[in-house]
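Quick note on numbering: the sequence shown equals residues 129 to 589 in the working numbering.
In this text, a Cβ means the ideal position worked out from N, Cα and C, and glycines have one as well.
Report on the structure given below.
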Amino acid sequence: MNPRTFAMGLVCLATLATAGVQAQGLRPSGGSGASLSRALDGSARAVPGNTGVRSADFIVAVVNSEPVTNTEVRERMARVAQSIQGQGGQLPPENVLAREVLERLILEKAQLQTAREQGLKVDDYAVDQAAQNVARQNSLSLEQMMARLESDGISATRFREELRNQLLLQRLREREVDGRVRVTELDIDQYMKEQRTGADQSSVALNLGHVFIAVPENAAPAVVAQREARAKEALEKLRAGEDFAAVVKAYSDAPEAAEGGALGMRPAERYPELFTRAVGASPKGALVGPLRSGAGFHLLKVLDRSQQGVAAVVTQNHARHILLRTSEQLNERQAAERLADYRRRVQAGQARFEDLAREFSQDGSAKEGGDLGWAGPGQYVPEFEEALNQLQPGEISQPLVSRFGVHLIKLVERRQATLTPREQRDMLRNVVREQKLDKAYSTWVQEVRGRAYVEYRDPPQ
């Protein structure tokens with residue numbers, strides 16, 4: 129199957145966060161209720177931190193035959209609280225937070241049980257790749273990240289198990305939910321009508337440029353002051369008219385600095401509340417900041433904003449790929465080893481990428497030498513698009529795992545393109561589909577919850 133998608137795809141594991149390893153990934157906005165909901169969602173992807181909780185452990189609920197312990201609830205509560213505070217949100221009362229966290233853990237366990245009953249598995253190679261992504265997004269080597277986790281009391285085994293569970297949940301969602309959603313021309317017409325009438329103000333989309341000045345955890349006041357001064361220095365250069373990409377390259381600690389600091393066009397609600405509050409209705413070209421978060425200082429530039437959720441000018445990639453599907457005879461690691469050999473052969477001048485694609489790729493593009501043509505943002509599953517965006521023209525990626533199998537990607541060309549009305553409508557299709565997927569997922573989760581036997585015991589303490 130072609131990696132282009134009309135679905136949300138894998139949730140990017142590179143947005144995982146922990147007390148000692150905070151990713152620079154974006155978090156959605158909203159009021160305190162939205163903050164709690166988003167933090168609960170994000171906490172499922174978070175690496176457990178050293179919470180300092182020393183409550184007695186006991187069973188607080190049983191999901192089918194699997195227990196939920198008081199320790200699990202208290203640890204997750206600490207992670208959710210950290211996430212909410214990092215977004216600048218307001219913490220709910222402790223008993224409300226405990227109840228919401230317990231329900232979320234029940235839902236997770238019910239889904240994981242469903243995944244295992246269906247025989248879904250996650251290969252060690254996929255877990256390895258997810259761990260490397262987390263490290264890269266935190267601007268650390270894998271070794272540095274694991275050492276940091278160990279210092280926070282998080283074992284490598286526990287960390288990998290969390291990653292494996294989240295990948296398993298994502299694969300279950302892809303199998304059970306993605307096929308339920310269809311977007312009609314009428315759906316797109318209705319969405320566009322809502323934008324014109326202003327009935328859906330949440331549809332505003334932003335492309336923000338981001339300069340991030342990291343502040344170490346528990347930094348001394350002098351260090352914080354020095355990092356704030358650096359942020360103000362960067363802001364002054366921007367106000368003086370210096371090129372934004374140049375300032376990003378010189379000052380920013382964020383992973384997207386290599387791409388010029390642009391975070392990409394996305395619905396405003398998918399940015400951190402801290403960002404959307406600060407930007408407000410600022411026009412294109414406006415500078416905002418420095419903003420202080422738990423991770424450091426942020427400078428923002430409004431690169432583009434759209435009421436319809438898509439940009440008129442986008443970056444498009446022309447790529448080729450080779451896809452190997454996994455099976456009982458070929459697991460993900462074996463497929464990756466084959467693709468790594470293809471990559472070596474191409475780089476050594478022993479073979480052409482397109483010839484290998486024609487011979488070995490199990491995708492419909494094989495007969496065209498793996499040619500995927502030109503594609504803009506949102507047309508590939510996130511993990512594929514992220515890997516593609518990191519390449520320079522002519523470069524070949526390392527083997528990459530997606531829902532479809534294992535890929536080898538070559539970036540042929542990259543360009544800035546003005547979208548035609550038809551192309552903008554096609555991009556709106558992806559926006560509408562994401563909205564419908566969220567609703568379909570919520571419905572499906574409640575179906576899973578309804579089928580599970582849940583016995584409540586002592587409340588969390």
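Item                                                                                                                                          : Value
With DSSP run on the structure shown, which of helix, strand or coil describes Glu583?                                                        : strand
Give me the residue from Lys564, Ser530, Tyr584, Ala447 with the minimum Cα distance to Gln520.                                               : Ala447
Hey, Leu547 and Gly497: beta-carbon distance below 9 Å or not?                                                                                : no
Less than 9 Å separating the beta-carbons of Ala238 and Arg579?                                                                               : yes
Check each candidate in Val351, Val255, Asp317 and name the one with the smallest Cα separation from Arg288.                                  : Val255
So, do the region 367-374 and the region 401-408 have three or more beta carbon pairs nearer to each other than 8 Å?                          : no
Would you be able to state if there are at least three C-beta pairs under 8 Å between the region 371-383 and the region 334-351?              : yes
Does DSSP put Arg310 in a helix, in a strand, or in coil?                                                                                     : coil
For Leu431 and Ala390, which I take to be in contact (beta-carbon distance under 8 Å), what is that distance rounded to the nearest angstrom? : 6 Å
Let me know if Gly180 comes out buried or exposed under the rule of 16 or more other beta-carbons within 10 Å of its beta-carbon.             : Unreliable positioning characterises Gly180 in this predicted model, as indicated by a pLDDT of 41, which lies under 50. A coordinate reading is not provided.
What are the residues that DSSP puts in a beta bridge with Glu194?                                                                            : Val191
Just curious, the beta strand (DSSP E) that Leu591 is in, first and last residue?                                                             : In the structure as shown, the chain starts at 129 and stops at 589, and residue 591 therefore has no counterpart that could be examined.
Using CA coordinates, which residue listed in Ile450, Leu402, Gly506 is at the minimum distance from Glu487?                                  : Ile450
I want to know whether the region 563-571 touches the region 200-210 - three or more CB-CB distances under 8 Å.                               : no
In its own chain, which residues sit with a C-beta less than 7 Å from the C-beta of Leu291, not counting the 5 before and 5 after it?         : Leu141, Val255, Ala258, Ala259
Grouping DSSP H, G and I as helix and E and B as strand, with all else coil, what is Gln544?                                                  : strand
My output table needs one value for Asn517: the three-state DSSP class, helix, strand or coil.                                                : helix
Can you say whether Arg453 is buried or exposed, counting buried as having 16 or more other CB atoms within 10 angstroms of its CB?           : exposed
DSSP has Ala333 in a bridge; who is on the other side?                                                                                        : Pro395, Ser434
Cutting at 8 Å between CB atoms, please list the residues of its own chain near Gln490, excluding the five before and the five after it.      : Leu451, Leu452, Arg453, Gly533
Mind checking who Leu415 pairs with in its DSSP beta bridge?                                                                                  : Lys429
Comparing C-alpha positions only, which one of Gly281, Val441, Thr312 sits nearest to Leu334?                                                 : Val441
Roughly how many angstroms lie between the CA atoms of Asp328 and Val559, to the nearest whole one?                                           : Interpretation of Asp328 is limited by its pLDDT of 47, a score under 50 that renders its predicted location unreliable; no figure is taken from the coordinates.
Quick one: is Ala503 near chain C, going by C-beta distance under 9 Å?                                                                        : Of the chains in the structure shown, none is chain C; there is only one protein chain.
Could you tell me which residues DSSP puts in a beta bridge with Arg358?                                                                      : According to DSSP, Arg358 bridges with nothing at all.
Are there three or more Cβ pairs, one per stretch, closer than 8 Å when the region 452-471 is compared with the region 523-538?               : yes
In whole angstroms, give me the CA-to-CA distance for Glu304 and Arg244.                                                                      : 13 Å
Compare the Cα-Cα distances from Gln230 to each of Leu268, Lys249, Gln265, Val190 and report the closest residue.                             : Sequence check: residue 230 is Leu here, not Gln. Minimum Cα distance to Leu230 is reached at Val190.
Using a 10 Å radius around the Cβ and a threshold of 16 neighbouring Cβ atoms, would you call Ser570 buried or exposed?                       : exposed
Straight-line CA distance for Lys360 to Leu233?                                                                                               : 42 Å
Does DSSP put Arg448 in a helix, in a strand, or in coil?                                                                                     : strand
Provide the residue span of the alpha helix (DSSP H) that contains Ser279, from first to last.                                                : 270-279
My output table needs one value for Ile537: the three-state DSSP class, helix, strand or coil.                                                : strand
Tell me whether Gly578 sits in a helix, a strand or coil according to DSSP, three-state version.                                              : helix
Do Glu541 and Asn445 have their beta-carbon atoms positioned less than 9 Å apart in this structure?                                           : yes
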